[in-house]
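S.K.: Before I ask anything, here is the structure I am working with.
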Amino acid sequence: MFAIDDLSGAIDVTRDFLTPVRPWTWLKLALIAFFVGGTGFGGSSFSGGFGGGTPSETGTDPVTSVDFAEWVPILIAIGVILLVVGLGFLFLSSLFEFTLLESLRSGEVHVRRYTSRNVGRGARLFGFRVAVGLITLLLLGGPLAAIVLSTSEGIAWGLIGLLALFAIPVVLGFVIVDRFTTVFVAPTMLERDLGVLAAWKRFWPTLTSHWTEYVVYLLLVWVLQLVIGFATMMLLFVLLIPFLILLFILLFIPFVNLLILLFLPILILLFILLSALIQVPIVTYLRYYALLVLGDTDAELDLIPEQRAAVRGDGSDRTGGASGGWDSGGDGPDGDGRGWDDESDPWGYDRSRDDGRNDTDDTDSQDDTGWDDTDSSESDDDRGW
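For reference, each letter of the sequence shown is one residue, going 5 to 389 in the working numbering.
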């Protein structure tokens, strides 16, 4: 099955993309991974025993009694702040999804260029995610509110049990729709220049005709995320232990402890950066894995034909066709990822030899198919033709 075979293929593509290690490229990928790699803002819940009547009626100590009405504006303000921050993060996450896809397709990371050209797609993806989230919230929050307002405690507990059973398929459906939208529909939007709903309509026949592949993909990727997530947590914990020990010792040294408190925000940012750098190969691998599955099940939606050809061992490389020439799966002069059709060559040029031409726009450092200054057998103008 493609979903199984592509597990190893994604490793090869990820290795080719991330090596040789370029610090500035990794830093840019860390920024992208921070937003698209699962880092998010968890909801905050506020609970407490705000009840019991007034001091004059119950004799409660005025110091310990709390007026709930006094906390309502504070709770509303905190909720609004969390909502604004969460929506802002979700918008940037939706926008950087396409920045990551463009980077994986081209082999080069250009944050500003790829982000600016995909603002419209990111906004549409953001709107779709908000809509799906609101639908899920209504499906679960509506019945829950009705249960909370119920006056019969026995009926309320029974309904809560039914709601828990109802929540399982709802949450599972939300997770599947969100994942498929992110890793399959977003590439379809980019490749076919479609909106979210139109991309879902285009992807749906592929999903239904190869549903077993995508079921296996879901199971495998959930297992991968569980194993990788546990390993990442353990790695961060191991890296954090010596840092905490050193911080604990320095806090007892006069004047140094004050300096540490001043630089504590910087230390926290450095730790976040370290976490994002660890996420870079993980995010890259999982996205390449999904793109390989998508391209194997529908060649018209293949976003990475060159990378796929390179790891399949058919003589193709990232910059084009066989042995460095133009290929139907290679990158054409317009950079659209489709290349020249070998069967329609009017000049009958032999594409089995290196034409010395670099057909990519920004991956010169990753291959040796650029201008061949050392080849003077074909021309005396030292241009490698």
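Glycine included, each C-beta is placed from N, C-alpha and C at the ideal position.
Predicted, not measured: the structure shown is a model, and the values here were computed from it.
Can you tell me which of the three DSSP states Arg316 falls into?
M.R.: Working through the sequence shown from its first residue, we reach residue 316 at position 312. It is coil, neither helix nor strand.
S.K.: Within its chain, find whatever has a CB closer than 6 Å to the CB of Tyr118; leave out the 5 residues flanking it on each side and keep chain order.
M.R.: As a first step, residue 118 is located in the sequence shown; it is residue number 114 there, counting from the start. Scanning its chain for C-beta atoms nearer than 6 Å, with the 5 sequence neighbours on each side dropped, one finds around Tyr118 the residues Thr103 and Glu106, in chain order.
S.K.: Phe38: buried (16+ other C-beta within 10 angstroms of its C-beta) or exposed?
M.R.: Locating residue 38 in the sequence shown gives position 34, counting from the first residue. Buried, since its Cβ has 16 or more Cβ neighbours within 10 Å.
S.K.: When the Cα atoms are used, what is the spatial distance from Ser12 to Val287?
M.R.: Sequence index remark: in the sequence shown, residue 12 carries index 8 (1-based). Sequence index remark: in the sequence shown, residue 287 carries index 283 (1-based). Using only the alpha carbons, I get a separation of about 15 Å.
S.K.: Return helix, strand or coil for Met237, following the three-state DSSP convention.
M.R.: To locate residue 237, count along the sequence shown from 1; it is residue 233. In the structure shown, the three-state DSSP call for Met237 is helix.
S.K.: Keeping to the same chain, check which residues put their C-beta closer than 8 Å to that of Pro147; ignore five residues upstream and five downstream.
M.R.: Numbered from its first residue, the sequence shown carries residue 147 at position 143. Only Leu163, Leu167 and Phe170 meet the Cβ criterion.
S.K.: Using a Cβ distance threshold of 8 Å, determine whether the segment 112 to 126 contacts the segment 136 to 143, with at least three qualifying pairs required.
M.R.: no
S.K.: Considering only C-alpha positions, which residue in the set Val25, Leu307, Glu74 and Gly317 is nearest to Arg196?
M.R.: Indexing the sequence shown from 1 puts residue 196 at position 192. Cα-wise, what sits closest to Arg196 is Leu307.
S.K.: In or out: Arg316 buried (at least 16 other Cβ within 10 Å) or exposed?
M.R.: In the sequence shown, the residue the question calls residue 316 occupies position 312. Exposed, by the Cβ-count rule.
S.K.: What's the gap between the Cα of Leu281 and the Cα of Met5?
M.R.: Numbered from its first residue, the sequence shown carries residue 281 at position 277. Numbered from its first residue, the sequence shown carries residue 5 at position 1. C-alpha separation (whole angstroms): 32 Å.
S.K.: How long is the line joining the alpha carbons of Leu198 and Thr192, rounded to whole angstroms?
M.R.: Counted from its first residue, the sequence shown places residue 198 at position 194. Counted from its first residue, the sequence shown places residue 192 at position 188. Distance between the alpha carbons of Leu198 and Thr192: 7 Å.
S.K.: Residues in the same chain with beta-carbon distance under 6 Å from Val297, minus the five sequence neighbours each way, listed in chain order, please.
M.R.: As a working mapping, residue 297 is identified with position 293 in the sequence shown. Same-chain partners within the cutoff: Phe6, Ala7, Asp10 and Tyr221.
S.K.: Would the beta-carbon of Phe225 fall within 8 Å of that of Leu290?
M.R.: Working through the sequence shown from its first residue, we reach residue 225 at position 221. Working through the sequence shown from its first residue, we reach residue 290 at position 286. The amino acid at residue 225 is misidentified as Phe; the sequence shows Val. Yes, Cβ-Cβ distance for Val225 and Leu290 is below 8 Å.
S.K.: Asp300 and Thr210: beta carbons closer than 8 Å?
M.R.: Looking up residue 300 in the sequence shown gives position 296. Looking up residue 210 in the sequence shown gives position 206. No, the pair does not count as a contact, with Cβ atoms beyond the cut-off.
S.K.: Comparing C-alpha positions only, which one of Ala294, Thr212, Glu310 and Leu244 sits nearest to Ile276?
M.R.: Locating residue 276 in the sequence shown gives position 272, where the first residue counts as 1. Checking every option, the nearest Cα to that of Ile276 belongs to Leu244.
S.K.: So, for Tyr292: in the same chain, excluding its five sequence neighbours on each side, which residues have a beta-carbon less than 7 Å away from its beta-carbon?
M.R.: Position 288 of the sequence shown, counted from the start, is the residue given in the question as residue 292. Its chain contains Ala14, Val17, Thr18 and Leu108 as the residues whose beta carbon lies nearer than 7 Å to that of Tyr292, once the 5 sequence neighbours on both sides are disregarded; these appear in chain order.
S.K.: Am I right that Leu255 and Ile249 are in contact with their C-beta atoms under 8 Å? What's the rounded C-beta distance?
M.R.: If you number the sequence shown from 1, residue 255 lands on position 251. If you number the sequence shown from 1, residue 249 lands on position 245. The Cβ separation is near 11 Å, so there is no contact.
S.K.: Applying the criterion that 16 or more other CB atoms from any shown protein chain within 10 Å of the CB defines a buried residue, is Val85 buried or exposed?
M.R.: Within the sequence shown, numbered from 1, the residue matching residue 85 stands at position 81. Reading off the sequence shown, one finds Ile at residue 85, where the question assumed Val. That one is exposed.
S.K.: Phe100 and Val187 - do their beta-carbons sit closer together than 8 Å?
M.R.: By 1-based counting over the sequence shown, the position of residue 187 is 183. By 1-based counting over the sequence shown, the position of residue 100 is 96. Against a cut-off of 8 Å, the Cβ pair of Phe100 and Val187 comes out as no contact.
S.K.: Mind checking which residues open and close the alpha helix (DSSP H) that includes Asp9?
M.R.: In the sequence shown, the residue the question calls residue 9 occupies position 5. Unbroken alpha helix (DSSP H) run through Asp9: Phe6 to Leu22.
S.K.: Are the CB atoms of Leu33 and Val284 within a distance shorter than 8 Å?
M.R.: Position 280 of the sequence shown, counted from the start, is the residue given in the question as residue 284. Position 29 of the sequence shown, counted from the start, is the residue given in the question as residue 33. Yes, these two residues count as a Cβ contact at 8 Å.
S.K.: Given this structure, state the Cα-to-Cα distance separating Ala81 from Ala313, to the nearest angstrom.
M.R.: Within the sequence shown, the letter at position 77 stands for residue 81. Within the sequence shown, the letter at position 309 stands for residue 313. Taking the straight line joining both Cα atoms gives about 54 Å.
S.K.: Alpha carbon to alpha carbon, what distance is there between Leu228 and Phe132?
M.R.: Sequence index remark: in the sequence shown, residue 132 carries index 128 (1-based). Sequence index remark: in the sequence shown, residue 228 carries index 224 (1-based). Rounded to whole angstroms, Phe132 to Leu228 spans 27 Å at the Cα level.
S.K.: For Trp208, count neighbouring C-beta atoms within 10 Å of its own C-beta (all shown protein chains included) and say buried if the count is 16 or more, exposed if not.
M.R.: By 1-based counting over the sequence shown, the position of residue 208 is 204. Flag for Trp208 reads exposed.
S.K.: With H, G and I counted as helix, E and B as strand and the rest as coil, what does DSSP make of Gly111?
M.R.: Along the sequence shown, one-based indexing puts residue 111 at 107. Coil, per DSSP.
S.K.: How would you write the range of the alpha helix (DSSP H) that Leu129 sits in, first residue to last?
M.R.: Position 125 of the sequence shown, counting from 1, holds the residue named residue 129. Residues Val123 to Val152.
S.K.: Measuring CA to CA, which of Met238, Leu295, Glu304 and Leu35 is closest to Glu217?
M.R.: Position 213 of the sequence shown, counting from 1, holds the residue named residue 217. Selected option, being the one with the closest Cα: Leu295.
S.K.: Can you grab the Cα-Cα spacing for the pair Thr29 / Ser120, in whole Å?
M.R.: Stepping through the sequence shown from its first residue, residue 29 is reached at position 25. Stepping through the sequence shown from its first residue, residue 120 is reached at position 116. Each residue's alpha carbon lies about 18 Å from the other.
S.K.: With a threshold of 7 Å on Cβ separation, who are the neighbours of Val175 within its own chain once the five nearest residues in sequence on each side are excluded?
M.R.: The residue labelled residue 175 in the question sits at position 171 within the sequence shown. So the list is empty, once near-sequence residues are dropped.
S.K.: Nearest to Asp182 by CA position, among Val200, Leu194 and Leu268, is which residue?
M.R.: Position 178 of the sequence shown, counted from the first residue, corresponds to residue 182. Selected option, being the one with the closest Cα: Val200.
S.K.: Are any of the Cβ atoms in chain C nearer than 8 Å to that of Gly83?
M.R.: Considering every chain present, this structure includes no chain C. It has just one protein chain.
S.K.: Where does Ala150 land, buried or exposed, given buried means 16+ other C-beta within 10 angstroms?
M.R.: In the sequence shown, counting from the first residue as 1, residue 150 sits at position 146. By the 16-neighbour rule on beta-carbons within 10 angstroms, Ala150 is exposed.
S.K.: Is Gly83 close to the ligand NAP? I mean its beta-carbon at under 7 Å from any heavy atom of the ligand.
M.R.: In terms of ligand content, the structure shown is empty, and the ligand NAP therefore cannot be addressed.
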